[in-house]
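Residue numbers for the first sequence follow the numbering used here, so the first one is 3 and each next one is one higher.
Where is the CB? At the ideal position from N, CA and C, for every residue including glycine.
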Amino acid sequence: MKPTIPKGTRDFSPQEMVKRNYIFDVIKRVFQLYGYLPIETPAMENYSTLMGKYGDEGDKLIFKILNSGDFLSGVDESIINSLESKLLTSKISEKALKYDLTVPFARYVVQHQHQITFPFKRYQIQPVWRADRPQKGRYREFYQCDADVIGSNSLINEIELVQLIDDVFTNLNLPVIIKINNRKILSGIAEMIGEKDKTILITVAIDKLDKIGIDGVNKELQENGLSDIAIEKLQPLINFSGNTLEKINFLKDLLKNSLIGLKGIEELETIFTKFKLPVNVQGRGGIIRLRTSILELDITLARGLNYYTGAIFEVKSNAGTFKSSICGGGRYDDLTGIFGLPNMSGVGISFGADRIYDVLNELNLFPESSNESTKILFVTMGEEEQNYCLPLLAMLRDAGINSEIYPDASAKMKKQMSYADEKNIPFVVIMGSDEIQNNILSLKDMKTGFQEKINIESLIQKLS
RNA sequence: GUGGCCAUAGUUCAGUUGGUUAGAAUAUCGGUUUGUGGUACCGAGGGUCGUGGGUUCGAGCCCCAUUGGCCACCCCA
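Laid out in structure tokens, this is it:
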């Protein structure tokens, strides 16, 4: 039998894990800097917890887990014979792999509300699963790194999240564009053209503007049942271009009759005012300057997830060829309401660790240093020497020096030396009868080839 | 869910209009070298050519089906 793993999943080698951990460490460190605390939730959630939270498309992409045992027993025969898979699925599958970290987080908040102090800031770094067709930058199992704050309406949270994103990518040496928009504006637009119930359809179509062009967008709107009048009213928006200030002024005028639209603009303005207006005055007048990222208002940014209601974010690399989003998020006003805790607004962002890995890899942005784990290897001539080395090894480890001994006493020296070479171990100690007799160590520097006699105390000092 | 490309050693790939025993590089193991790795030289093992059918005297190569992978759309981290 040929060993394989399921489509869209991957194994990670030690070399890859070193790089992956580098990303996780940077993100985790920044999360902690901003006061977020870690939680974890199970790999699987109840089927009913996840269904209906991500839109129709999302529902299809949730991995369902078959009930244990005889899963067909107790299912009404008429359902089985009906051949309606959707109905049958709900009967034979009570669990599903989690699709993102936000919905399980909302469930967590509701379930543990009495032991949580609000506003609650949590971070969470865990794998999620999506039954998508895999392709470049798209995996069926991947890690999300989420930071969310729930129980606070303040726009300070949005502003801090933008800073946090900037910090993470600055620390990773990756220049990015942070795109921001507001669902309230999108609702306002839909309201303005008299198609309020089609908000998502409209925004998804507009989102594709730079891909399929104005004609493509209009065609899609038409196919989705939008009236010609409504489409006509949308044209100024689709055609508009300008800088942030011009965009905001334009929207203010366009949405002057939409309460919700104006609210969205006001929110955006608050955020942009914090970042955009006179720069170079950090620490004065409450103005913040981003370190390396570009913050951009993108009125075509929509995002597919159903639960967003306010600000929405999306981050793309500003270098390299990889153009999918590597980070996304937004505000959700009532995600906990479904689980019985209304009026609990939250906002958060999610870093796609695997995509960030792909980008950093392409651009060669991983730091070089971190791929030597063992500092020193004991090469021995036989069992007697091995035994002699064990206490010395213990001393090195007590001193916090990563060290190992080649386990096979009969292995030839060439074999042991190659092992050190391949594992990138910078030093070896060679132990034979001479060394034991003279109570000394032969230390070889693998890079220079230089060899010296040294005692254990000096060795510890040298490597500490 | 829709479309395109691909499948030969552990890995990356050659393989002529269909013709004898399917090759290379790399990796692995052994040797040159019984206390010295990276370089070099020599050697060895390793393949149901994804799977099943068909055409043919003869198929890695042609045809059909099927499975798997990659890529694009949809959507998304």
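Compute the beta-carbon to beta-carbon distance between residue i and residue j, rounded to the nearest angstrom, for a pair I have assumed lies under 8 Å.
i    : j    : result
T382 : E406 : That belief does not hold up - the Cβ atoms of T382 and E406 are roughly 12 Å apart, past 8 Å.
L163 : V28  : Actually they are not in contact, since the Cβ atoms of L163 and V28 sit about 16 Å apart, beyond 8 Å.
L52  : D134 : Rounded, the Cβ-Cβ distance is 15 Å, inconsistent with contact.
L103 : Q128 : 6 Å
L166 : A149 : 7 Å
A98  : F65  : 6 Å
P106 : T43  : 4 Å
Thinking C-beta only, is residue j closer than 8 Å to residue i?
i    : j    : result
L264 : L270 : no
I432 : S444 : yes
P40  : Y101 : no
Q146 : V170 : no
F380 : L365 : no
L223 : I231 : no
I262 : K186 : yes
A355 : R140 : no
I290 : K276 : yes
E160 : A304 : no
V112 : S319 : no
S260 : M346 : no
N69  : E96  : yes
I403 : S466 : yes
M397 : I458 : yes
A422 : G384 : no
Out of the options, which one is the CA nearest neighbour of residue i?
i    : options                : result
L307 : I273, I202, E18        : I202
L228 : I214, K93, K200        : K200
G153 : K425, T338, S87, D356  : T338
R401 : F368, K464, D447, N183 : Inspection of the sequence shows that residue 401 is occupied by Ala rather than by Arg. Per the Cα distances, K464.
M19  : K449, L461, K181, N363 : N363
N441 : E387, A422, D447, D410 : E387
A192 : Q237, I67, N155, L35   : Q237
I456 : I438, K449, T450       : I438
V77  : M46, L85, L90          : L90
R357 : Y390, I25, S50         : I25
T172 : L68, V32, R132         : V32
A45  : E59, L343, I67, C391   : I67
E370 : C391, L343, N389, N426 : N426
N184 : E197, N389, Y309, Q17  : Y309
Skipping 5 residues on each side, what residues in its chain have a beta carbon closer than 6 Å to that of residue i?
i    : result
G331 : F315, G350, I351, S352
D168 : L292, R293, S295
I378 : S405, F429
G348 : D150, I152, Y334
I462 : A401
F452 : none
D13  : none
K235 : I195
Ignore the nearest five residues each way along the sequence and tell me which others in residue i's own chain have a CB closer than 7 Å to its CB.
i    : result
I240 : I208, L211, I216, V219
E197 : I204, L228, A232
Y56  : Y101, L307, N308
On the DSSP letters alone, give me the boundaries of the alpha helix (DSSP H) that residue i sits inside.
i    : result
D400 : 385–400
Y145 : Run containing Y145: none in the alpha helix (DSSP H); it sits in the beta strand (DSSP E), 143–152.
C209 : One point to set straight first is that residue 209 is Asp, not Cys, in the sequence displayed. Unbroken alpha helix (DSSP H) run through D209: 201–209.
G331 : Element bounds for G331: not the alpha helix (DSSP H) but the beta strand (DSSP E), 327–334.
N173 : 158–173
Y309 : First-last for Y309: undefined, no H or E at that position.
A355 : 355–364
D255 : 246–256
M194 : 185–194
F274 : 261–277
S420 : 415–424
F33  : 16–35
S460 : 458–465
T91  : 87–94
S84  : 79–84
I406 : A small correction: the amino acid at residue 406 is Glu; Ile does not occupy that position in the sequence shown. Unbroken run through E406 is the beta strand (DSSP E), 405–407; no alpha helix (DSSP H).
A98  : That residue, A98, is in no alpha helix (DSSP H); its beta strand (DSSP E) goes 97–99.
Got a sec? Which residues, its chain only, sit under 8 Å from residue i by beta carbon, not counting five neighbours each side?
i    : result
K249 : F242, L299, I301
P8   : R142
V37  : One point to set straight first is that residue 37 is Gly, not Val, in the sequence displayed. The residues are K123.
I273 : L157, E160, I161, V164, I182, A313
K325 : K318, S319
T11  : Y141, R142, E143
K254 : L264, I267
From what residue to what residue does the beta strand (DSSP E) around residue i run?
i    : result
D447 : 443–447
P44  : Looking at the DSSP string, P44 is not in any beta strand (DSSP E), and its letter there is neither H nor E.
F429 : 429–433
Y125 : 122–131
F107 : That residue, F107, is in no beta strand (DSSP E); its alpha helix (DSSP H) goes 104–113.
Please indicate yes or no: does the CB of residue i lie closer than 7 Å to some heavy atom of the ligand COA?
i    : result
K455 : Here there are no bound small molecules, and the ligand COA is not part of this structure.
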